[in-house]
Amino acid sequence: MERIGLAPGGKTGDVLAQDIAQRFQQGVTVTKSTHNRLYAKVDKSVLVSLCTYMRDGLDFEHVTSVSGVDWLEEKKMQVVYHITSYANKVTAELVVDLPRDKPEVDSITFLWGGANWHERETWDMFGIVFVGHPKLVRLLNPDGTEVFPFRKDFVSGRRV
Amino acid sequence: MIANGLYDFIYGIALWILQVVAWFFNNILAWFSVGAWFVSPGVVEFLTTLLVALVVFIVGFLVSITFIWEERKILGRLMDRRGTQVGFLGLFQNFADGLKTFIKEHIIPDEVDKQLFNLAPVLLIAMSCFMICLIPIGPDFFMANLNSGLLLVFAVFSLAPFAILMAGWASNNKYTVMGGMRAAAQLIAYEVPILLSVAAVVVLVGSFNFMEIVSFQQDNTWLIVPLFIGALVFFISAIAEVERIPFDLPEAEAELVEGWMTEYGGFRWGLIMLSEYVRGFAACGVLVLLFLGGWAGPDFIWPEVWFLIKMFMVFALFIWVRGALMRVTTKQILGLGWTKLMPLALINLGIAIALKMGGWL
Amino acid sequence: MAEMWLNMGPQHPMTHGLWNLRVKVDGETMTEAEPVIGYLHRGWEKITENRKYPQIIPMADRLCYGASMSWSHLYCLTIEDLMEIEVPERAKWIRTIVLEAQRIGSHLMWLAALGTDLGSYTVFLYPVRERELFLDLMQNLCGARMTYNYPRIGGVRNDVPANFERDFTRVLNHFEKRLSDYEALCDQSTVFRMRMEDVGYLSPEKAKNLGVTGPNLRGSGVDYDVRRDDPYEMYDQVDWKVCVEKSCDAYARYRVKMDEMRESCNIIRQCIKKMKPGAIRVKPPRTAPKGKTGWAHVEDPRGEGFMYVIGNGDERPYRLKVRSPIFVTVSAAPEMLVGYKIADVPAIMGSVDMCLGETDR
Amino acid sequence: MDMRLAPHAVAMSSAEFLSWSGGVMDQLMRYTGAKKAVDKLTAPIWSWAIRNATVPLHFGIACCALEMAAASGPRFDAERLGMIYRSSPRQCEVLLVNGWVTAKLRPDLRRLYEQMAEPRWVVAMGECAISGGPWYDSHNTVQGVDTFIPVDVYIPGCPPRPEAMIDGFMKLHKKINKEMKGTFLND
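Residue numbers (the numbering used here), protein chains in the order written: chain A, 181 to 340; chain B, 87 to 447; chain C, 73 to 433; chain D, 26 to 212.
What follows is the structure, given as structure tokens:
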């Protein structure tokens with residue numbers, strides 16, 4: 181049924197998954213998809229082009245969250261994007277792996293304004309640098325803290 | 087000089103006191119010239135005027151204090167909760183507030199302009215108390231019966247923006263400066279409609295003296311009947327003059343913390359709060375005098391009591407407006423003042439002139 | 073004109089919680105706005121790494137204390153997605169009822185906060201009085217007034233008390249009559265309309281792009297609601313309509329929330345009729361495999377709440393990410409504020425219903 | 026005026042005269058014991074006044090702020106005790122800390138405490154203000170307000186019920202009555 185203020189997209193999660201899989205062969209591997217979910221592992225280099233296509237081509241209008249994960253033993257940092265499409269009622273989870281010593285990934289704030297503070301908070305907590313972010317400064321921690329508190333090697337309970 | 091019952095009553099007391107002093111000087115110290123000087127008419131009149139002023143101020147002060155109590159209780163009832171329970175029926179609450187400010191620390195922030203900072207509250211409370219003595223409460227209970235009483239009251243009323251601007255500027259704080267400027271803009275915007283509605287009354291009555299206004303209303307109808315629009319304009323502008331809720335932007339709780347009063351604490355703030363309620367007393371008093379027939383009323387009660395009953399009812403209207411409405415922004419206040427109230431006041435003036443020319447009143 | 077930076081916060085009567093709105097002011101108009109948050113940041117996500125799964129439920133209550141039930145419920149949904157648990161049907165019905173009651177309570181707290189911002193202390197007290205009724209209902213059910221600790225992983229803690237249906241229907245009938253009182257106080261008062269209409273404009277495209285969700289998004293004319301478009305619990309078996317307004321300003325957001333309160337009453341009544349006796353909880357496994365992930369998103373009264381969890385092999389989560397709707401709406405605040413006057417800030421930020429506990433986590 | 030005409034005269038500005046005469050009066054009152062008598066007589070009046078007009082600061086941090094709002098609601102009306110919330114620290118007596126204090130908030134809260142006029146009290150409401158509460162192992166929370174502000178009354182509970190908050194203020198009244206802080210007894 182027609183909803184105000186939204187594109188008439190009716191594609192389910194599986195249709196979107198096949199569309200993405202056959203369009204981005206080398207960088208993206210779609211792990212699982214149901215009628216309203218879509219899970220994929222994305223390489224760092226392909227992320228921005230995939231996101232641009234998702235926003236313009238597949239009506240993904242809204243970034244639900246950008247979360248950082250610190251895998252201490254596997255020596256890698258992980259950024260998990262959850263992007264929602266109101267029109268198709270589908271939410272996509274994109275997982276990007278980064279080296280732990282120099283975690284850098286391109287920022288998607290220029291695509292969705294909603295990701296601005298999420299990326300800034302992830303930098304504030306994990307130290308993952310988002311290249312091209314308009315204002316990458318401390319957000320939640322008091323200004324002047326040097327340590328990234330959410331990393332696994334920072335013992336919680338220690339005072340900043 | 088002030089021929090009224092209060093004056094004669096207190097004249098007797100003053101004379102008695104001075105005779106006791108004179109007796110002391112004449113008989114014990116045998117200093118006859120000084121004794122005679124004490125009983126001379128000049129000294130007696132001076133002491134009487136002093137005592138009359140004291141009595142009138144105490145009555146005005148107590149009525150303003152009970153306004154605070156009335157506001158808390160009625161506002162509480164409007165909001166489905168009981169007001170303050172301090173003392174009998176909550177009556178002692180404002181004494182507690184008042185006494186508390188005596189023992190508070192006198193804070194003068196160091197980056198503040200000291201002279202102006204101290205002068206502003208003094209100016210405010212002085213103007214307010216000056217108004218108490220200008221407003222007659224009964225035919226024989228008043229301080230001064232001037233022929234230009236009404237004019238003087240509104241002259242003093244329009245002095246307030248200077249004190250508020252001075253307070254706002256002296257506190258050297260961004261919020262207070264904005265609060266002060268808003269207060270000045272609002273009070274000036276509402277001077278014009280209020281004076282126009284008063285002009286309509288003066289056109290009908292023909293004099294500025296409160297006594298004649300009230301006697302005119304006793305002979306004819308209360309002026310609220312012919313000049314209802316004028317009364318409405320006066321009521322709304324009085325709310326703006328006294329900075330109460332729909333128009334209390336200078337002290338806007340939400341954006342400007344406390345407006346121009348932010349830096350004041352302790353006794354200075356107590357004086358400012360008191361002056362706010364005394365200005366409420368003056369506004370209600372003038373409204374009752376001009377439109378509700380002052381102390382006119384069936385005489386099984388004293389005229390003064392009639393006057394006070396009407397004043398408490400008008401102030402209850404103030405409180406009711408405060409309980410129902412929300413705060414208006416500056417742009418809308420000034421818009422309302424200039425574009426809506428002024429034409430209404432002019433229409434009202436037209437009606438007054440027409441009535442006067444037509445000879446009905 | 074010289075522009076100055078003005079700090080509205082962190083201790084400011086307008087803020088619901090603690091944040092600092094740095095505003096560049098040219099005269100009274102805002103040219104730039106920059107929200108500063110972090111005053112309530114307690115490292116919530118870091119602490120969850122030392123807690124077992126059931127121990128995090130009371131912590132989730134204290135994320136956004138205005139709507140604590142919806143956050144602890146969201147946490148249980150996430151863990152159920154992680155451990156693939158199927159919740160019994162009666163537990164789903166109870167959860168739906170309790171979530172909608174919490175939505176009404178949260179919207180009432182928002183209406184109260186909006187009342188103080190706009191200056192009317194009455195509009196603060198009436199919703200607080202009604203909210204007490206809903207707190208009593210929740211207290212009969214869960215024992216606490218605000219932080220309930222009621223949902224469990226795999227169902228709910230205890231069954232409904234005696235005459236649960238009678239109390240709910242009685243409170244809902246009383247509440248719907250009261251809702252028309254608030255509309256009389258707010259909608260029909262021109263002062264409220266003057267303050268709220270065409271202020272804080274947020275176009276639908278900007279709202280979608282900037283990540284604004286929930287009633288604020290539906291106030292900007294975008295028909296998306298997680299309860300209908302990605303249904304969880306029993307929302308797909310209850311017929312109710314999503315309220316959308318198209319005028320995209322503060323008044324639209326106010327209108328959406330008021331209609332949502334009526335809609336919630338309708339949902340609760342249907343759920344109470346359709347609820348059948350049965351089991352209320354399933355025994356969940358104690359641990360989750362390492363590296364397994366789970367996430368869920370719900371329609372929190374303030375927007376789209378979302379949680380993402382990664383299992384750690386033992387009873388503790390490896391990582392728990394919380395997406396708070398107000399965290400993103402505050403980042404979109406400059407978009408709504410620039411160009412309006414300082415006096416409009418409380419109206420705009422009041423209509424957005426902020427809760428800083430979840431923003432700073 | 027030629028000072029030589031009055032050899033014993035002392036040149037003094039009005040301000041100096043004011044402070045000099047104040048000093049003389051003060052010593053006179055203390056020496057004769059009149060000051061102690063007057064203070065002992067008026068102390069109950071001052072303490073009654075400040076007890077029945079304790080004005081807390083309009084300042085909410087977290088969940089306990091909602092309970093503070095509920096306490097001033099129609100059911101538990103806190104105004105019965107004369108409590109009205111004012112939003113400028115200069116005009117308040119009680120700083121009601123109702124929520125967890127983070128490292129970023131501590132300097133602001135300390136400045137707020139110092140801005141308040143002298144007879145002032147601090148009420149720590151809720152576990153987070155008393156001892157950091159559920160956030161005991163957080164890196165950013167101050168474990169208890171009394172580490173940087175002297176606290177007078179602690180109200181336990183997470184969040185304490187509105188009746189508990191009003192009871193906390195009744196305890197504060199008892200404390201004011203006993204300590205007579207703010208009256209002129211001890212200066």
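All C-beta atoms, glycine included, are put in the ideal place defined by N, C-alpha and C.
According to the neighbour-count rule (16 or more other Cβ atoms, all chains shown, within 10 Å of its Cβ), is residue i buried or exposed?
i                      : result
residue 274 of chain A : buried
residue 202 of chain A : exposed
residue 246 of chain C : exposed
residue 77 of chain D  : buried
residue 118 of chain B : exposed
residue 294 of chain B : buried
residue 240 of chain A : buried
residue 252 of chain C : exposed
residue 87 of chain B  : Bear in mind that a pLDDT of 48 at residue 87 of chain B, under 50, signals an unreliable position, so the number given afterwards is only what the model happens to contain. Answer is exposed; the Cβ neighbour count stays below 16.
residue 443 of chain B : exposed
residue 206 of chain A : exposed
Taking the alpha helix (DSSP H) that residue i falls in, what are its first and last residues?
i                      : result
residue 156 of chain B : 127 to 164
residue 391 of chain C : Residue 391 of chain C -> not in any alpha helix (DSSP H); beta strand (DSSP E) instead, spanning 391 to 395.
residue 368 of chain B : 352 to 377
residue 68 of chain D  : 59 to 76
residue 202 of chain D : 187 to 204
residue 306 of chain A : 295 to 306
residue 198 of chain C : 193 to 214
residue 122 of chain D : Where residue 122 of chain D is concerned, there is no enclosing alpha helix (DSSP H), although the beta strand (DSSP E) it sits in stretches over 119 to 122.
residue 296 of chain B : 296 to 305
Checking the sheet assignment: what are the DSSP bridge partners for residue i?
i                      : result
residue 217 of chain A : A:271
residue 262 of chain A : A:245, A:273
residue 227 of chain B : B:224
residue 367 of chain C : C:380
residue 413 of chain C : C:101
residue 310 of chain A : A:285
When you compare the CB positions of residue i and residue j, do they come within less than 8 Å of one another, or not?
i                      : j                      : result
residue 191 of chain B : residue 405 of chain B : no
residue 299 of chain B : residue 376 of chain B : yes
residue 161 of chain B : residue 408 of chain B : yes
residue 401 of chain C : residue 424 of chain C : yes
residue 44 of chain C  : residue 320 of chain C : In the structure as shown, chain C begins at 73 and stops at 433. Residue 44 of chain C is therefore absent and cannot be evaluated.
residue 346 of chain B : residue 254 of chain B : yes
residue 370 of chain C : residue 146 of chain C : yes
residue 285 of chain C : residue 172 of chain C : no
residue 21 of chain C  : residue 380 of chain C : One cannot answer for residue 21 of chain C here, as it falls past the ends of chain C, which runs 73 to 433.
residue 222 of chain A : residue 276 of chain A : yes
residue 144 of chain D : residue 75 of chain D  : yes
residue 153 of chain B : residue 363 of chain B : yes
residue 199 of chain C : residue 405 of chain C : no
residue 305 of chain C : residue 167 of chain C : yes
What are the start and end residues of the beta strand (DSSP E) that includes residue i?
i                      : result
residue 232 of chain A : Element bounds for residue 232 of chain A: not the beta strand (DSSP E) but the alpha helix (DSSP H), 227 to 237.
residue 106 of chain C : 101 to 108
residue 150 of chain D : 146 to 150
residue 180 of chain D : 178 to 180
> If you measure beta-carbon to beta-carbon, which residues of the stretch 36 to 62 of chain D are closer than 8 Å to chain B?
Replying inline: none
> When Cβ atoms are compared, which residues of the stretch 155 to 173 of chain D fall closer than 8 Å to chain C?
Replying inline: 159, 160, 162, 163, 164, 165, 166
> Got a sec: which bits of the stretch 80 to 107 of chain D sit with their beta carbon under 7 Å from any beta carbon on chain A, in order along the chain?
Replying inline: none
> Of the residues that make up the stretch 135 to 152 of chain D, which ones have a beta carbon closer than 7 Å to any beta carbon in chain B?
Replying inline: 142, 143, 144
> Taking a cut of 8 Å between CB atoms, which residues from the stretch 265 to 298 of chain A lie near chain C?
Replying inline: 266, 269, 271, 273, 292, 293, 294, 295, 296, 297, 298
>> If the cut-off is 8 Å on Cβ atoms, which residues from the stretch 412 to 443 of chain B count as contacting chain C, listed in chain order?
In response: 412, 413, 414, 415, 416, 417, 418
> If you measure beta-carbon to beta-carbon, which residues of the stretch 117 to 133 of chain D are closer than 8 Å to chain C?
Replying inline: 124, 125, 127, 129, 130, 133
> What residues in the stretch 131 to 155 of chain C have a beta carbon less than 8 Å from any beta carbon of chain A?
Replying inline: none
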